[in-house]
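For reference, the structure discussed in these notes is given below.
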Amino acid sequence: MTSSIKLSEIVGGGYDDFWGCKARYRVLKGGKGSKKSATTALNFIFRIMRYPDSNLLVVRQVMNTHRDSTFAQLKWAQSRLGVSHLWSNTVSPLEMTYLPTGQKILFRGFDDVLKLASTTVNKGYLNFVWVEEAFELAHEEDFDKLDLSMPRGSVPSPLFKQTTLTFNPWSAAHWLKKRFFDRESSDIKVFSTNYLINEFLDDTDRAVFERMKRTNRRKYEVAGLGNWGIAEGLVFENWEVGAPQIPPEKLNCWRSFFGLDYGYTNDPTAFVAFMVNPVEKILYIYDEFYKTRMLNCDIANEIKKRGYSKERIRADCAEPKSNDDLKRLGIGRITPSVKGRDSILNGIDRISEYKIFVDDKCVNMIRELSTYCYEESAGESGRRMPKDSDNHLCDALRYAFEDVRFFHPEKHMETPYTAFEGLRKNDFSGGWS
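So this is what it looks like as structure tokens:
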């Protein structure tokens, strides 16, 4: 197999150095459509088959995101290389086995630290690690725990130990930049790629990036060109990925709110669920859905599936027919948003008073907050308006925030608020201990 692979035909150009890199840390940031995940998947299938005693651990922040991302990508790589018949891929447990030797590809999540730390293989060495969507790791300490679980000591030649990290560089403030890109080390090799090197994209794919270049230059810099996102001009700056610590005795100071922004063909329908503590001025965004071509029945079903059908949901007042449809479909407390003069800026001002936490599974909200920025020039009011693009979840957040000002925790101290029903205790990152 080794002699039959031609990188230029299978992968295309732009990744020769990445493919052969043996540095301890191989770190790849890139925009969307840059082939970074596809190339990494191809590289690992090739490596497992080339090195008989090697095994691979694939890690994401949340375990249940693997099946439709890394697992599917690695299955595609097997097919692309013409070796699917040599692999057994199972979903329970989620793993891949190279049949000629019994080598494994295992999948884990940082949301199950104990299982992650105890990962072992029966044959050979667990010498390769792939951290996909590494930007989801809010804390460097989590990565350190994984790093220390790598096999210690040497591995026999020609094997080598390597951790590969792939991600979109949404914010230059992330620890990934400081740790891997802002210092030089013989153990670290960094790479940056973008859609311009992807010869497999067609004209319609490239048109998406050209439109992004015209309408949202900030997003184009990151999602298109793979450059680090910068904080200058962002609408919301006081936010981070993760969950706040919430002691049980303070639960009555918190309440959940829900917002909905309609879309269909080009714009997604965006739903957000969040909690606020108006006393300490903390906001925690813990759930979302974000999808195009959702009919009203689809929206209603998704809300019911997530357990929010009885909650008050603030939805765009510009869609009264959709709001009425959702009521008819069982979402009885759907309420139109409040709009008026300066409602956008006033809503942003109220939200900006809060320290914002975003659950790591809310990847679309993280992307919006990373790119939602102000226009360069001021409007008629003398203030700069936020750009009206790629802000669907931010709009839904603003709609729902209208209700926050009516929440007074001192009136809810006798009985815990019912919006906590359906939230898992581990959604609070240890705050229940």
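Per the working numbering, the very first residue in the sequence shown carries number 38; after that it's consecutive. For each residue, glycine too, the CB sits at the ideal point set by N, CA and C.
So the candidates are the options; which of them puts its Cα closest to the Cα of residue i?
{"i": "V278", "options": "D361, A210, L93", "result": "A210"}
{"i": "G367", "options": "L213, I350, I225, S380", "result": "I350"}
{"i": "D427", "options": "R420, Y257, K318", "result": "Y257"}
{"i": "W276", "options": "K182, I322, I234, V259", "result": "I322"}
{"i": "H445", "options": "S346, R145, E325, V313", "result": "V313"}
{"i": "L262", "options": "E247, V272, F273", "result": "E247"}
{"i": "A337", "options": "L363, W124, A78, A109", "result": "L363"}
{"i": "R387", "options": "E412, I225, K342, R442", "result": "R442"}
{"i": "K69", "options": "D242, S293, G369", "result": "D242"}
{"i": "T252", "options": "E169, K424, K112", "result": "K424"}
{"i": "C410", "options": "N333, G369, E274", "result": "E274"}
{"i": "S293", "options": "P137, E439, S106, N159", "result": "E439"}
{"i": "N126", "options": "T138, L320, L111", "result": "L111"}
Just curious, the alpha helix (DSSP H) that residue i is in, first and last residue?
{"i": "T77", "result": "73 to 87"}
{"i": "E178", "result": "177 to 185"}
{"i": "M234", "result": "Contrary to the premise, residue 234 reads as Ile rather than Met in this sequence. That residue, I234, is in no alpha helix (DSSP H); it is neither H nor E in DSSP."}
{"i": "S389", "result": "380 to 389"}
{"i": "Q115", "result": "107 to 117"}
{"i": "L363", "result": "357 to 365"}
{"i": "V400", "result": "400 to 408"}
{"i": "A337", "result": "333 to 342"}
{"i": "A10", "result": "The requested residue 10 does not occur in the structure, where the chain is confined to residues 38 to 470."}
{"i": "D472", "result": "Past the edges of the chain, shown from 38 to 470, lies residue 472, and the structure says nothing about it."}
What residue range does the beta strand (DSSP E) around residue i cover?
{"i": "D298", "result": "292 to 298"}
{"i": "W167", "result": "162 to 169"}
{"i": "Y323", "result": "319 to 328"}
{"i": "F394", "result": "392 to 395"}
{"i": "W276", "result": "276 to 278"}
Which residues in the same chain have their Cβ closer than 6 Å to the Cβ of residue i, if we skip the five residues on either side of it in sequence?
{"i": "W167", "result": "V95, T201"}
{"i": "G296", "result": "V309, R351, A433, L434, Y436, A437"}
{"i": "E173", "result": "Q98, D397"}
{"i": "E339", "result": "F326"}
{"i": "F55", "result": "F228"}
From the DSSP output, which residues share a beta bridge with residue i?
{"i": "Q140", "result": "Y135"}
{"i": "A352", "result": "L297, P373"}
{"i": "A307", "result": "D298, Y327"}
{"i": "M312", "result": "S293, Y321"}
{"i": "W124", "result": "Y135"}
{"i": "F228", "result": "L65"}
{"i": "G146", "result": "R97"}
{"i": "F443", "result": "Paired residue(s): none; F443 is not in a bridge."}
{"i": "S208", "result": "None, per the DSSP bridge assignment."}
{"i": "S45", "result": "Answer is none; S45 lacks a bridge partner."}
{"i": "T241", "result": "DSSP, once it has assigned bridges, lists no residue as partnering T241."}
{"i": "S191", "result": "Per DSSP, none; premise fails for S191."}
{"i": "L202", "result": "V64, V168"}
Hey, residue i and residue j: beta-carbon distance below 7 Å or not?
{"i": "N92", "j": "L163", "result": "yes"}
{"i": "W212", "j": "E178", "result": "no"}
{"i": "W207", "j": "S407", "result": "yes"}
{"i": "F165", "j": "Q199", "result": "yes"}
{"i": "Y327", "j": "P357", "result": "no"}
{"i": "G119", "j": "I234", "result": "no"}
{"i": "S374", "j": "N333", "result": "no"}
{"i": "V158", "j": "K182", "result": "no"}
Apart from the five residues on each side of it in sequence, which residues of its chain come closer than 7 Å, Cβ to Cβ, to residue i?
{"i": "S45", "result": "none"}
{"i": "K73", "result": "L65, G67, T203, T230"}
{"i": "K376", "result": "C354"}
{"i": "T452", "result": "Legend: pLDDT at T452 = 37, less than 50; position of this residue unreliable, value from coordinates given subsequently. Excluding sequence neighbours, T452 sits near nothing in its chain."}
{"i": "L131", "result": "H103, R104, F108, F144"}
{"i": "Y135", "result": "I85, M86, L123, W124"}
{"i": "S470", "result": "With a pLDDT of 19 at S470, under the threshold of 50, the modelled position of that residue is not reliable, and the figure given next carries that caveat. Hits under 7 Å: none found."}
{"i": "S121", "result": "Q115"}
{"i": "S346", "result": "I340, G367, I368"}
For residue i and chain D, any beta-carbon pair shorter than 7 Å?
{"i": "F204", "result": "Checking the listed chains, one finds no chain D in this structure; it contains a single protein chain."}
Can you find the residues in the same chain that come closer than 8 Å, C-beta to C-beta, to residue i, ignoring five residues on each side of it along the sequence?
{"i": "S186", "result": "L153, A154, T156"}
{"i": "G266", "result": "P206, W207, S208, A209, R255, E258, V259, S407, T408"}
{"i": "E405", "result": "D427, N428, H429, L430, C431"}
{"i": "W113", "result": "A75, A78"}
{"i": "G300", "result": "T306, A307, T329, M331, H429"}
{"i": "R61", "result": "K198, Q199, T200, D224, I225"}
Considering only heavy atoms of the ligand FAD, does any lie closer than 6 Å to the CB of residue i?
{"i": "A209", "result": "Absent from the structure shown: the ligand FAD. Ligands present: none."}
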